[in-house]
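Asker: I am attaching a structure below and will ask some questions about it afterwards.
There are 2 protein chains.
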Amino acid sequence: MKHLPDKTVERLSQYRRSLSNILNTGKTHIFSHEIANLLHITPVQVRRDIMLIGYTGTLRKGYDIADLVALIGRIIDSDPGQRIAIVGMGNLGKAIIHYLHEIRSRLQIVAAFDINPDKIGKTYTSVLCYPMEQMEEVIAREEIRIGIITTPPEVAAAVASELIHAGIRGILNYTPKPLNVPDDVYLEEYDMITSMEKVAYFAKEG
Amino acid sequence: MKHLPDKTVERLSQYRRSLSNILNTGKTHIFSHEIANLLHITPVQVRRDIMLIGYTGTLRKGYDIADLVALIGRIIDSDPGQRIAIVGMGNLGKAIIHYLHEIRSRLQIVAAFDINPDKIGKTYTSVLCYPMEQMEEVIAREEIRIGIITTPPEVAAAVASELIHAGIRGILNYTPKPLNVPDDVYLEEYDMITSMEKVAYFAKEG
DNA sequence: AGGAAATTGTTATTTTTTTAACAAAGGATG
DNA sequence: CATCCTTTGTTAAAAAAATAACAATTTCCT
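Right, dumping it as structure tokens:
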């Protein structure tokens, strides 16, 4: 698998989630237009994505759901399942931990960090919260590869530096402060305010 | 202003936020490459976006920050400032309310809804929480145009229907359940799990 | 003043993403 | 068994977005 397009990776994640649910219903096969309906996209997009990962359905029967789910897993999951740290145990941090726990993904949040002494030592949905000072040590010990930043924006850049210094390979930044990372660290940013303003803008007209 | 590209609208929101901060420092003008550095994009992108909204900087002095902020406001803000409701007062809902309040955006969350009797009647960062049954009435009375869904996924579709029935024009869905909305309702969806899996995938290689 | 450097505005090119088109295969139908 | 319908896989075209290119103009420098 050379390199899948950005958007294809996003959709694969969503195919897998939807298809996993369907598996429980006993249904074994699914057509591209059925998947498309689930996610409100087009069947062509589905077939194209599936083609890109080299899977082949059977004509007139569609795709074997279990096979497809398994293949997507082999493509987008790392072997041992990625281990994640979250920095900033405010409401957003708690929401993410709780949410990921419910979904039961192969992704695991294995450590939280905060500056607030009241939070340190407590566990949130079975994730232990460490003080910031132990970040480097814990990230090394727990073999954490990914960091999620949910701190106030003022400290986002400093947190990112620490994470990178500790050897993290990917960062998901929920702070509105744009980060600067070296080329070998993958960075994804999401800004809620921007999303809201976008909705506000496009909801105006039509 | 015909229709700005999706990505341009997103960036305009970010330009405004960064530039507003700079205004306080007394700096009055800024170059495209300075803006680009703030957001880690290219100067061409900045100039192109600014061109699209019809603003013109002065050669060798750059853009007048106050003017540009004001113009972006006229472009992307609705006249009275959009009024927003949030459905689901879990951690994520609280995080969003708190966050938007701090930023002091023109967007205002003016009502929250939840099913939990303990939450109803309480205020969160000065936003009052109503029972779900009052949704239609409150949305009409408060002239709310935008809804944010932060409920558990199982009820997302039902909530969306109610919002649409109550006359909402735009929806921001933080649930992993893809929604179906009529053409005249603008829908934006954000799925945290997908973002995490994407980071996990791209952090693997390089 | 004259030339060099910097910076904008805009057009052109390239890349990425989506959408369309359609041949091939397999089953269903009569 | 021949025909028709459905659905896949893939190539081609279109649309959207990012990047590059560059003329024009202002300031700075000598």
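Top to bottom, those sequences are chains L and X.
For the first sequence, the residue numbers in our numbering are 489 to 694.
For the second sequence, the residue numbers in our numbering are 489 to 694.
Built from N, CA and C at the ideal position, the CB exists for glycine as well.
Taking only beta-carbon positions, decide if Asn579 (chain X) is within less than 9 Å of chain L.
Answerer: Chain L, which has a Cβ nearer than 9 Å to the Cβ of Asn579 (chain X), makes this yes.
Asker: Hey, does Lys686 (chain X) have any beta-carbon neighbour from chain L nearer than 9 Å?
Answerer: Yes, Lys686 (chain X) lies at the interface with chain L (some Cβ there is under 9 Å from its Cβ).
Asker: Three-state secondary structure (DSSP) at Asn579 (chain X)?
Answerer: Correct three-state label for Asn579 (chain X): helix.
Asker: What's the C-alpha gap between His586 (chain X) and Ile510 (chain L)?
Answerer: So the two alpha carbons sit approximately 37 Å from each other.
Asker: Going by beta-carbon coordinates alone, are Arg633 (chain L) and Ser683 (chain L) separated by less than 9 Å?
Answerer: No. Outside cutoff.
Asker: Which residues in chain L sit within 8 Å of Leu527 (chain X), going by Cβ to Cβ distance?
Answerer: In chain order: Pro666.
Asker: What in chain X is Cβ-close to Glu498 (chain L), meaning under 7 Å?
Answerer: Going along chain X in sequence order, the residues near Glu498 (chain L) (Cβ under 7 Å) are Thr682 and Lys686.
Asker: Verify the CB distance criterion: does Gln502 (chain X) have a CB-CB separation below 9 Å to chain L?
Answerer: Gln502 (chain X) counts as touching chain L.
Asker: Cutting at 7 Å between CB atoms, please list the residues of its own chain near His517 (chain X), excluding the five before and the five after it.
Answerer: Contacts found: Lys549, Gly550, Tyr551, Asp552 and Ile553.
Asker: Which residues, in chain order, does the stretch 579-606 of chain X contribute to contact with chain L at a C-beta distance below 8 Å?
Answerer: Cβ contacts with chain L come from Asn579, Leu580, Lys582, Ala583, Ile584, His586, Tyr587, Leu588, Ile591, Ser593 and Leu595.
Asker: Give a yes or no on whether 9 Å exceeds the smallest Cβ distance from Val647 (chain L) to chain X.
Answerer: With 9 Å as the cut-off, Val647 (chain L) does not count as an interface residue toward chain X.
Asker: Between the alpha carbons of Val557 (chain L) and Gln502 (chain L), how many angstroms are there, rounded?
Answerer: Rounded to the nearest angstrom, the two C-alpha atoms are 11 Å apart.
Asker: Determine the chain L residues that contact Lys692 (chain X) at a beta-carbon separation under 7 Å, and present them in chain order.
Answerer: Residues of chain L passing the Cβ test: Ser566.
Asker: What does Leu660 (chain L) pair with, by DSSP beta-bridge criteria?
Answerer: Partner(s): L:Ile636 and L:Glu676.
Asker: Determine, using beta-carbon pairs with one atom in the stretch 656-670 of chain L and one in the stretch 637-647 of chain L, whether at least three such pairs fall under 8 Å.
Answerer: Yes: the two stretches touch, three or more of their Cβ pairs being nearer than 8 Å.
Asker: With distances taken from CA atoms, which of L:Leu588, L:Ile681 and L:Cys617 is nearest Arg592 (chain X)?
Answerer: Here the closest residue by C-alpha is L:Ile681.
Asker: Is Leu651 (chain L) helix, strand or coil by DSSP?
Answerer: Helix at Leu651 (chain L).
Asker: Which of the three DSSP states, helix, strand or coil, is assigned to Leu492 (chain L)?
Answerer: Three-state DSSP puts Leu492 (chain L) in coil, outside helix and strand.
Asker: By a C-beta neighbour count over all protein chains shown, 10 Å radius and 16 as the cutoff for buried, is Asn579 (chain L) buried or exposed?
Answerer: With 16 or more other Cβ atoms within 10 Å, it is buried.
Asker: In terms of alpha-carbon separation, which member of X:Ile572, X:Val532 and X:Ile560 lies closest to Phe519 (chain X)?
Answerer: Checked all of X:Ile572, X:Val532 and X:Ile560; the closest Cα to Phe519 (chain X) is X:Val532.
Asker: Which of the three DSSP states, helix, strand or coil, is assigned to Ile681 (chain X)?
Answerer: Note: Ile681 (chain X) maps to helix in three-state DSSP.
Asker: Within the continuous alpha helix (DSSP H) that includes Gln570 (chain X), where are the two ends?
Answerer: Gln570 (chain X) -> no alpha helix (DSSP H), and no H or E assigned at all.
Asker: Is Gln622 (chain L) close to chain X, meaning its C-beta is less than 9 Å from at least one C-beta of that chain?
Answerer: Gln622 (chain L) does not count as touching chain X.
Asker: Could you check the C-alpha separation between Arg499 (chain L) and Glu677 (chain X) for me, to the nearest Å?
Answerer: Straight-line Cα distance between these residues: approximately 13 Å.
Asker: To the nearest angstrom, report how far apart Pro605 (chain X) and Tyr612 (chain L) are at their CA atoms.
Answerer: Each residue's Cα considered, the two are about 24 Å apart.
Asker: Just to confirm, are Val626 (chain X) and Asp602 (chain X) a CB contact at a threshold of 9 Å?
Answerer: In this structure, Asp602 (chain X) does not lie closer than 9 Å to Val626 (chain X) by Cβ.
Asker: Just reading off the beta strand (DSSP E) that Val598 (chain X) is part of, what are its end residues?
Answerer: Per DSSP, Val598 (chain X) belongs to the beta strand (DSSP E) from Gln596 to Asp602.
Asker: So what's Val557 (chain L) in DSSP terms, helix, strand or just coil?
Answerer: In the structure shown, Val557 (chain L) sits in a helix (DSSP, three-state: H, G or I).
Asker: Verify the CB distance criterion: does Val673 (chain L) have a CB-CB separation below 9 Å to chain X?
Answerer: So, interface residue.
Asker: Where in the stretch 516-541 of chain L do unbroken runs of the beta strand (DSSP E), each at least 3 residues long, occur, reported from the N-terminal end onward?
Answerer: The stretch 516-541 of chain L contains no whole beta strand (DSSP E) run of 3 or more residues.
Asker: For Gly609 (chain X), count neighbouring Cβ atoms within 10 angstroms of its own Cβ and tell me buried if that reaches 16, exposed if not.
Answerer: Exposed, by the Cβ-count rule.
Asker: With a threshold of 16 other CB atoms inside 10 Å of the CB of Asp672 (chain L), please say whether the residue is buried or exposed.
Answerer: Exposed, because fewer than 16 other Cβ atoms sit within 10 Å of the Cβ of Asp672 (chain L).
Asker: Between the beta-carbon of Leu559 (chain L) and the beta-carbon of Tyr543 (chain L), is there less than 9 Å?
Answerer: Yes, the pair counts as a contact, with Cβ atoms nearer than the cut-off.
Asker: Rounded to a whole number of angstroms, what is the C-alpha to C-alpha distance between Leu492 (chain L) and Ala599 (chain X)?
Answerer: Whole-angstrom Cα-Cα distance: 42 Å.
Asker: Let's test the definition: count the other Cβ atoms within 10 Å of the Cβ of Thr513 (chain L) and tell me whether it reaches 16, buried, or not, exposed.
Answerer: When all chains shown are included, Thr513 (chain L) counts as exposed.
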